[in-house]
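Enquirer: The numbering of the sequence shown is numbering that gives the first Met the number 0, which starts it at 0 and goes up by one. Here a beta-carbon is modelled for each residue, glycine too, at the ideal position from N, C-alpha and C.
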Amino acid sequence: MVSSRQTHSILVLPSESCSKMSIAVLSSLGRCGFLAFRSPVGLVAVRHAQTAAAPAAEPRIKKFQVYRWDPDTPGDKPRMQTYDIDLNTCGPMVLDALIKIKNEMDSTLTFRRSCREGICGSCAMNIGGGNTLACLNKIDTNTSKPTKIYPLPHMYVVKDLVPVSMLSFQTVLDGVVLYRIPFNTEWIVLHGGKTVCRANRPLYLQDMSNFYAQYKSIEPFLKRKDESKEGQEQYTQSVDDRQKLDGLYECILCACCSTSCPSYWWNGDKYLGPAVLMQAYRWMIDSRDEFTEERLSKLQDPFSLYRCHTIMNCTKTCPKGLNPGKAIAEIKKMMAMYKDKKTATA
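Encoded structure:
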């Protein structure tokens, strides 16, 4: 019976033939499975050629200055800590460097990461002065210039590079406000402008809580006025209507844009910010959604939408190449027409 397995011809050489042929050629043929040797001498010669190391590369030492602070450690203060990494032994992205630091140098370094391919948004941080994703940001190979890494700006920090999406003041219940003393672990609970109690740990502290609460407030899902046929038919779109959503739905909610916006820094408790507003616009223009006017109505106050002053940091920093600034401008145009319509029908 003829075997269906693919076979190769094997050339068997005596060891003395090694002196007549290029060791490099023999090595290549041996790795491919086309050579065998009658004596160990020939095999050793080829193995030696295979394992001969290239001249050691000159070390490329890059300095990484990383923000460090543990608010749960008494007396610990924010500081920059320097780590030296040989780029020859490190992957190409900043996240590779951070993982190398944590695994091989300092296990106490704290940061978030998950997908490593720009999908989850977990590793959002400020690198070299700009908000971005560590997994998509290539290491600057200029070894004379250190790379500086901070958490997302204007956010309180859980530890090191892990931010908390809370402002100095946050309303918990009607009339109840939390205030955190800057550069301190102490929190003050206020009610009616009076101090109720103090706590060394936050009483209401969830990661990215303010950011995600704002996202939830815009109801980022398809809404229909007649729900009686829900689940019974598919809501189709034309090709043109579907294309309107390109550049909007790709947002991964990493918060790079919102935390680069000065308006969001100072009005983050009222202004929804670029990321959330872009998602609001995404549902406003979805041809399948029937609550466009209601969505616009929620943004009529002076802060939710109109704190945007077209600084455009959001568009410059988006790691996915999206344009939140344009989306906000489109909402403002829709709002103008919506108000004109309301005035005409009043």
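For Leu247, does the count of other Cβ atoms within 10 angstroms reach 16, so buried, or fall short, so exposed?
Expert: Leu247 comes out buried.
Enquirer: Contact defined as beta carbons within less than 8 Å: I believe Thr142 pairs with Ile60. What is the distance between those atoms, to the nearest angstrom?
Expert: Thr142 to Ile60, Cβ: 6 Å. Contact.
Enquirer: Counting C-beta neighbours from all protein chains within 10 Å, is the total for Gly272 16 or more, i.e. buried, or is it exposed?
Expert: Under this definition Gly272 is a buried residue.
Enquirer: Does the region 275–291 come close enough to the region 319–334 that 3 or more CB-CB pairs lie under 8 Å?
Expert: At 8 Å Cβ cutoff, the stretches touch.
Enquirer: Based on Cα-Cα distance, which residue from Thr314, Asn136, Tyr337 lies nearest to Lys325?
Expert: Looking at the Cα atoms, Thr314 is the closest of the given residues.
Enquirer: Apart from the five residues on each side of it in sequence, which residues of its chain come closer than 8 Å, Cβ to Cβ, to Ala343?
Expert: Result list for Ala343: empty, nothing under 8 Å.
Enquirer: Does the distance from the CB of Cys119 to the CB of Met92 come in under 8 Å?
Expert: No; because the gap between Cβ atoms is not below 8 Å, this pair is not in contact.
Enquirer: What are the partner residues of Asn125, as DSSP defines its beta bridges?
Expert: Answer by DSSP bridge pairing, in chain order: Asn130, Tyr149.
Enquirer: May I ask which residues mark the beginning and end of the beta strand (DSSP E) holding Met283?
Expert: Note, Met283: premise wrong, no beta strand (DSSP E); alpha helix (DSSP H) at 272–283.
Enquirer: With burial defined as no fewer than 16 other Cβ atoms inside 10 Å of the residue's Cβ, what is the status of Met336: buried or exposed?
Expert: Burial call: exposed.
Enquirer: Per DSSP, Val238 is paired with what?
Expert: Note: Val238 sits in no beta bridge, so no partner.
Enquirer: Would you kindly check if the distance between the Cβ of Thr316 and the Cβ of Cys256 is under 8 Å?
Expert: The answer is yes: Cβ separation under 8 Å.
Enquirer: Rounding to the nearest angstrom, what Cα-Cα distance links Pro152 and Asp225 in this structure?
Expert: When rounded, the distance between both Cα atoms is 43 Å.
Enquirer: What are the start and end residues of the alpha helix (DSSP H) that includes Leu342?
Expert: It should be pointed out that residue 342 corresponds to Thr in this sequence rather than to Leu. Where Thr342 is concerned, the enclosing alpha helix (DSSP H) stretches over 323–344.
Enquirer: Could you give the first and the last residue of the continuous beta strand (DSSP E) run that contains Pro83?
Expert: Note that residue 83 is Asp in the sequence shown, not Pro. 78–85 is the span of the beta strand (DSSP E), which, as asked, contains Asp83.
Enquirer: Whole angstroms is fine: what's the gap from Ala56's alpha carbon to Leu97's?
Expert: The alpha-carbon atoms of Ala56 and Leu97 are separated by roughly 22 Å.
Enquirer: Among Gln213, Arg287, Leu276, Lys243, which one has its Cα closest to the Cα of Tyr234?
Expert: Among Gln213, Arg287, Leu276, Lys243, the Cα nearest to that of Tyr234 belongs to Arg287.
Enquirer: Taking the continuous beta strand (DSSP E) assigned at Tyr66, which residues delimit it?
Expert: Counting along the chain, the beta strand (DSSP E) containing Tyr66 begins and ends at 60–67.
Enquirer: What residues in its chain sit with their C-beta under 7 Å from that of Thr258, if we drop five residues either side in the sequence?
Expert: Within the same chain, Thr258 has close Cβ partners Asn130, Leu151, Pro152, His153, Met154.
Enquirer: Give every residue of the same chain whose Cβ lies closer than 6 Å to the Cβ of Thr109, excluding the five residues on either side of it in the sequence, and list them in chain order.
Expert: Lys158, Asp159, Val161.
Enquirer: Which residue's Cα is closest to the Cα of Ser113: Leu321, Gly128, Cys122?
Expert: If we check each option's Cα against that of Ser113, Cys122 comes out closest.
Enquirer: With Lys158 as the anchor, note down where its beta strand (DSSP E) starts and where it stops.
Expert: Element bounds for Lys158: 155–158.
Enquirer: Using DSSP bridges, identify the partner residues of Met92.
Expert: DSSP, once it has assigned bridges, lists Lys137 as partnering Met92.
Enquirer: Taking C-alpha atoms, which residue in Leu221, Ile284, Tyr66 lies nearest to Gly128?
Expert: Cα-wise, what sits closest to Gly128 is Tyr66.
Enquirer: Kindly indicate which three-state DSSP category Lys162 falls into: helix, strand or coil?
Expert: In the sequence as presented, Lys is not what sits at residue 162; that position holds Pro. If DSSP states are grouped into helix, strand and coil, Pro162 belongs with the strands.
Enquirer: Return helix, strand or coil for Cys313, following the three-state DSSP convention.
Expert: In this structure, Cys313 counts as helix in the three-state DSSP scheme.
Enquirer: Keeping to the same chain, check which residues put their C-beta closer than 7 Å to that of His308; ignore five residues upstream and five downstream.
Expert: Only Ser262 meet the Cβ criterion.
Enquirer: Cα-Cα, which of Ile148, Gln242, Asn312 is closest to Met124?
Expert: That would be Ile148, whose Cα lies nearest to the Cα of Met124.
Enquirer: Applying the 10 Å Cβ sphere with the 16-neighbour rule, what's the burial state of Val238?
Expert: The residue in question, Val238, is exposed, as its Cβ has fewer than 16 Cβ neighbours within 10 Å.
Enquirer: Closer than 7 Å by C-beta to Arg115: which residues in its own chain qualify, once you throw out the five before and the five after it? Chain order, please.
Expert: Contacts found: Leu94, Cys134.
Enquirer: Hey, out of Asn322, Asn87, Glu293, Asp83, whose CA is closest to Ile217's CA?
Expert: Here the closest residue by C-alpha is Glu293.
Enquirer: Where does the unbroken alpha helix (DSSP H) through Pro261 begin, and where does it stop?
Expert: Note, Pro261: alpha helix (DSSP H), 261–266.
Enquirer: Does DSSP put Leu28 in a helix, a strand or coil?
Expert: At Leu28 the pLDDT is 47, less than 50, meaning the model places this residue with poor confidence; the figure from the coordinates comes in the next sentence. Helix at Leu28.
Enquirer: Which whole-angstrom value describes the C-beta separation of Arg223 and Glu229, a residue pair presumed to lie in contact below a C-beta threshold of 8 Å?
Expert: Sure, about 7 Å apart at Cβ, within 8 Å.
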